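Structure record follows, encoded as structure tokens.
2 protein chains.
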Amino acid sequence: MTPFEELVKERRSASNFLPDHPITNKELDEIFELVKFAPTAFNLQHPHYTVITNSEVKEKLQAAANNQYKVSSSSAVIIVTGDKWAFKDAARIYEGLLMLGIVNKQEYDYQVSDTTMFYEQGGDRFQREEAIRNGSLSAMMFMLAAKDKGWDTCPMIGFDAAAVKDILQIDDQYEVVMMITIGKEKVSSRRPRGYRKPVNEFVSYVE
Amino acid sequence: MTPFEELVKERRSASNFLPDHPITNKELDEIFELVKFAPTAFNLQHPHYTVITNSEVKEKLQAAANNQYKVSSSSAVIIVTGDKWAFKDAARIYEGLLMLGIVNKQEYDYQVSDTTMFYEQGGDRFQREEAIRNGSLSAMMFMLAAKDKGWDTCPMIGFDAAAVKDILQIDDQYEVVMMITIGKEKVSSRRPRGYRKPVNEFVSYVE
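As they're listed, the protein sequences go chains A and B.
Read in order, the letters of the first sequence correspond to residues 26 to 232 in our numbering.
Read in order, the letters of the second sequence correspond to residues 26 to 232 in our numbering.
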């Protein structure tokens with residue numbers, strides 16, 4: 026078994042956390058230093074993370090998440106959002122390749138206008154779905170990186186996104202992708218891992 | 026640096042592949058054996074993978090993907106879809122926990138009806154977005170597992186999803202989440218990794 030296989034098999038969605046295990050910004054930053062490498066469409070880096078350790082704000086978020094206990098017992102609550110207008114930042118993001126001479130001015134201009142046009146033509150729905158798609162790729166990277174550093178996580182969708190946006194004053198430009206709670210799992214309240222479909226049930230081959 | 030950090034930093038979105046490096050179903054199945062462990066909302070396991078190694082079908086897919094050369098030079102093209110009606114399978118998926126006595130009949134019935142109601146109330150848009158969200162979590166796991174086994178990948182969104190559905194006769198129940206090409210990267214045509222935002226630009230702390 027490779028270290029990665031071990032990591033994947035050890036990672037479980039935590040059903041609860043041990044309270045009083047604070048996580049520092051430095052520890053979180055080390056996780057985010059890896060999250061940075063998750064791929065995003067056209068390298069637009071749509072995802073944004075809001076990390077809440079303040080206990081009053083966590084209580085409000087718990088109320089917005091059907092009062093699930095793991096929200097307040099976690100070390101931090103993380104709201105993953107995606108920037109629906111990430112494509113408007115293309116010129117700045119691609120500038121490095123131009124400055125390094127890896128692309129010339131003409132290629133750069135084409136890349137910027139091509140990316141912009143792709144999202145503009147896709148419209149509101151595509152822009153929203155891209156926020157979710159790229160935010161979720163990133164969120165999986167976050168959960169694995171957290172486990173690699175000894176932290177347990179639980180991805181959550183059972184919450185009132187509008188209430189969360191209101192509590193955290195998240196701008197409409199950002200789509201709420203998911204909530205992730207992070208902490209030290211209360212292993213004593215762990216259940217066996219849920220049923221997983223065998224590979225041949227979720228994979229088809231066209232040979 | 027941990028083995029996971031190395032893996033993440035070694036993984037690059039391949040800009041092109043060396044042709045004539047076939048991948049076997051056995052090699053792919055080994056990757057999917059790990060993908061199985063990606064979390065999904067309520068353990069509904071929305072993602073489905075269609076793997077194409079047939080060269081004629083690959084050529085059709087290339088035409089549907091703005092004729093990008095990496096589609097035909099890849100060892101396999103993978104279409105990640107998400108089942109919008111995954112919630113209709115809740116009763117079957119949760120049955121194991123009931124049979125093992127981990128939940129009783131009342132808890133089981135509640136879980137099934139609660140999950141079903143959550144998706145029914147969410148409606149078409151939520152069901153589609155859940156397919157994308159859970160499909161993308163799974164896709165990130167796929168790309169890391171592939172790299173762990175020596176394969177390079179490129180996640181792609183620049184293709185005509187309707188044409189892809191038509192070529193592969195994918196049912197409307199499934200939302201096309203992304204295309205992933207997999208193979209052995211042609212390292213000689215590799216560019217430096219694109220600019221990445223520093224952590225403080227994509228993370229906010231509420232302390």
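In this text, a Cβ means the ideal position worked out from N, Cα and C, and glycines have one as well.
Here the structure is a predicted model, which means the values were calculated and not measured.
is_contact[residue i, chain B] using C-beta, thresh 8 angstroms
{"i": "F227(A)", "result": "yes"}
{"i": "A164(A)", "result": "yes"}
{"i": "M203(A)", "result": "yes"}
{"i": "Q146(A)", "result": "no"}
{"i": "Y94(A)", "result": "no"}
{"i": "P47(A)", "result": "no"}
{"i": "K34(A)", "result": "yes"}
{"i": "G107(A)", "result": "no"}
{"i": "K61(A)", "result": "yes"}
{"i": "V212(A)", "result": "no"}
{"i": "Q70(A)", "result": "yes"}
{"i": "T141(A)", "result": "no"}
{"i": "L122(A)", "result": "yes"}
{"i": "T51(A)", "result": "Looking at the sequence itself, residue 51(A) is Lys, so the reference to Thr does not match. By this cut-off, K51(A) is not an interface position."}
{"i": "E132(A)", "result": "no"}
{"i": "D177(A)", "result": "no"}
Coarse secondary structure for residue i, derived from DSSP in three states
{"i": "F151(B)", "result": "helix"}
{"i": "V202(A)", "result": "strand"}
{"i": "P47(A)", "result": "coil"}
{"i": "G121(A)", "result": "helix"}
{"i": "F42(A)", "result": "strand"}
{"i": "G208(B)", "result": "strand"}
{"i": "Y220(A)", "result": "coil"}
{"i": "S99(A)", "result": "coil"}
{"i": "D108(A)", "result": "strand"}
{"i": "T141(A)", "result": "helix"}
{"i": "P72(B)", "result": "strand"}
{"i": "R215(A)", "result": "coil"}
{"i": "P64(A)", "result": "coil"}
{"i": "A90(B)", "result": "coil"}
{"i": "I127(B)", "result": "coil"}
{"i": "D197(A)", "result": "coil"}
{"i": "M26(A)", "result": "coil"}
{"i": "D134(B)", "result": "helix"}
{"i": "G183(B)", "result": "coil"}
Contact with chain A by residue i, beta-carbon distance below 8 angstroms
{"i": "V189(B)", "result": "no"}
{"i": "R215(B)", "result": "no"}
{"i": "I207(B)", "result": "no"}
{"i": "Y135(B)", "result": "no"}
{"i": "F184(B)", "result": "no"}
{"i": "F42(B)", "result": "no"}
{"i": "F57(B)", "result": "yes"}
{"i": "A115(B)", "result": "no"}
Beta bridge counterpart(s) of residue i as assigned by DSSP
{"i": "I77(A)", "result": "V102(A), V231(B)"}
{"i": "T178(B)", "result": "S38(B), I207(B)"}
Other residues of its chain near residue i: CB distance less than 6 angstroms, five sequence neighbours each side excluded
{"i": "T65(A)", "result": "H71, N159"}
{"i": "M181(B)", "result": "M204"}
{"i": "I77(A)", "result": "K83, V102"}
{"i": "Q19(A)", "result": "Nothing in the structure corresponds to residue 19(A), since chain A is present only between 26 and 232."}
Other residues of its chain near residue i: CB distance less than 8 angstroms, five sequence neighbours each side excluded
{"i": "V33(B)", "result": "L169"}
{"i": "D185(B)", "result": "A89, A90"}
Neighbourhood of residue i by C-beta, 7 angstroms cutoff - its chain only, sequence neighbours within 5 removed
{"i": "V96(B)", "result": "K83, L86, Q87, A90, V102, T206"}
Touch test, the stretch 78 to 98 of chain A against the stretch 124 to 133 of chain A, Cβ-Cβ under 8 angstroms, three pairs minimum
no
Between the stretch 74 to 104 of chain A and chain D, which residues of the former have a C-beta closer than 8 angstroms to a C-beta of the latter?
Any reference to chain D falls outside this structure, whose protein chains are A and B.
Is there contact here, the stretch 145 to 162 of chain A with the stretch 192 to 209 of chain A, by at least three beta-carbon pairs under 8 angstroms?
The stretch 145 to 162 of chain A is in contact with the stretch 192 to 209 of chain A.
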